[in-house]
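Presented below is the structure to which this report refers.
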């Protein structure tokens, strides 16, 4: 689905008086409400740096950017808006959002340490060859997550600290990592 359809799916979950699983669980529904607010905030306030803008505008061959995600995913609420904004910079990039927990279960091909961690970005060329895979979160955020997990932090503490990390980072780490991915594996021309 494209980003507009993803937004519609997201909104329909929030407006449904009896949402389907897992959103019938109040915790999941609350995560989704928070994630909607976060996503909308980044769509309005997220700033792309000049390096990523230049690199993406210089892509000269068609690419498909597949984002595997779910509305309940906290990390995705901070990452997907930036991926959308970046993909919009070049008409050669087609953004396709796939839900992790819905057929065709594309996540099965892109596990992280055996788990279905999201979001995942898969960049493919015009012949459906994978050029790059990124995700589920920037390295600095992943290090914080691993540290909290090793310290047996409770879920509430993990949510708060990861949220603070994203708010302070403002998408900069994601853009630096994507810049490296784009420059090393994607077809670009010299500006």
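Residue numbers (our numbering): 4 to 194.
Glycine is no exception: its CB is placed at the ideal position from the N, C-alpha and C atoms.
**Message:** Give me the DSSP bridge partner(s) of residue 68.
**Reply:** Here residue 68 is taken as the residue at index 65 of the chain shown, counted from 1. In the DSSP output, where bridge partners are listed per residue, residue 68 has 98 and 126.
**Request:** Consult DSSP for residue 118 and reduce its assignment to one of helix, strand or coil.
**Result:** Position 115 of the chain shown, counted from the start, is the residue given in the question as residue 118. Three-state result, residue 118: strand.
**Prompt:** Would you call the region 61–72 and the region 119–130 in contact, with 3 or more CB pairs under 8 Å?
**Reply:** Flag = yes, the region 61–72 and the region 119–130 touch.
**Prompt:** Terminal residues of the continuous beta strand (DSSP E) containing residue 109?
**Reply:** Here residue 109 corresponds to residue number 106 of the chain shown, with the count starting at 1. No beta strand (DSSP E) contains residue 109, which DSSP labels as neither H nor E.
**Asked** Taking the C-alpha atoms as reference points, what is the distance between residue 194 and residue 66?
**Response** Position 191 of the chain shown, counted from the first residue, corresponds to residue 194. Position 63 of the chain shown, counted from the first residue, corresponds to residue 66. With a pLDDT of only 39 at residue 194, under 50, the local geometry of the prediction cannot be trusted, and the value read off the model is given with reservation. Counting only the Cα atoms, residue 66 lies some 19 Å from residue 194.
**Prompt:** Which of helix, strand or coil does DSSP assign to residue 184?
**Reply:** On the chain shown, residue 184 is found 181 positions in, with the first residue counted as 1. For residue 184, the three-state secondary structure derived from DSSP is helix.
**Item:** Which of helix, strand or coil DSSP assigns to residue 136
**Value:** Counting from one through the chain shown, the residue named residue 136 turns up at place 133. Residue 136 falls in the strand class under three-state DSSP.
**Message:** Ignoring anything shorter than 3 residues, give me the beta strand (DSSP E) runs that lie fully in the region 138–171, in order along the chain.
**Reply:** Note on the region 138–171: there is no whole beta strand (DSSP E) run with a minimum of 3 residues.
**Message:** Can you check which of these residues, 129, 186, 106 and 111, is closest to residue 64 by C-alpha distance?
**Reply:** If you number the chain shown from 1, residue 64 lands on position 61. When 129, 186, 106 and 111 are compared, the shortest CA-CA separation from residue 64 is found for 129.
**Asked** From what residue to what residue does the alpha helix (DSSP H) around residue 39 run?
**Response** Translated into the one-based positions of the chain shown, residue 39 becomes position 36. According to the DSSP assignment, residue 39 belongs to the alpha helix (DSSP H) that extends over 29–48.
**Request:** Take residue 35 as the anchor and find which of 13, 48, 50 and 183 has the nearest alpha-carbon.
**Result:** Position 32 of the chain shown holds residue 35. Relative to residue 35, the option among 13, 48, 50 and 183 whose CA is nearest is 13.
**Asked** Leaving out five residues before and five after residue 162 in sequence, what residues of the same chain have Cβ atoms less than 8 Å from its Cβ?
**Response** In the chain shown, the residue the question calls residue 162 occupies position 159. Cβ within range, chain order: 77.
**Proximity winner among 156, 157, 140 and 154, relative to residue 168 (alpha-carbon distances)** = As a position in the chain shown, residue 168 is number 165, starting the count at 1. Of the candidates 156, 157, 140 and 154, the one whose C-alpha sits nearest the C-alpha of residue 168 is 140.
**Asked** residue 60: buried (16+ other C-beta within 10 angstroms of its C-beta) or exposed?
**Response** By 1-based counting over the chain shown, the position of residue 60 is 57. Its Cβ having fewer than 16 others within 10 Å, residue 60 is exposed.
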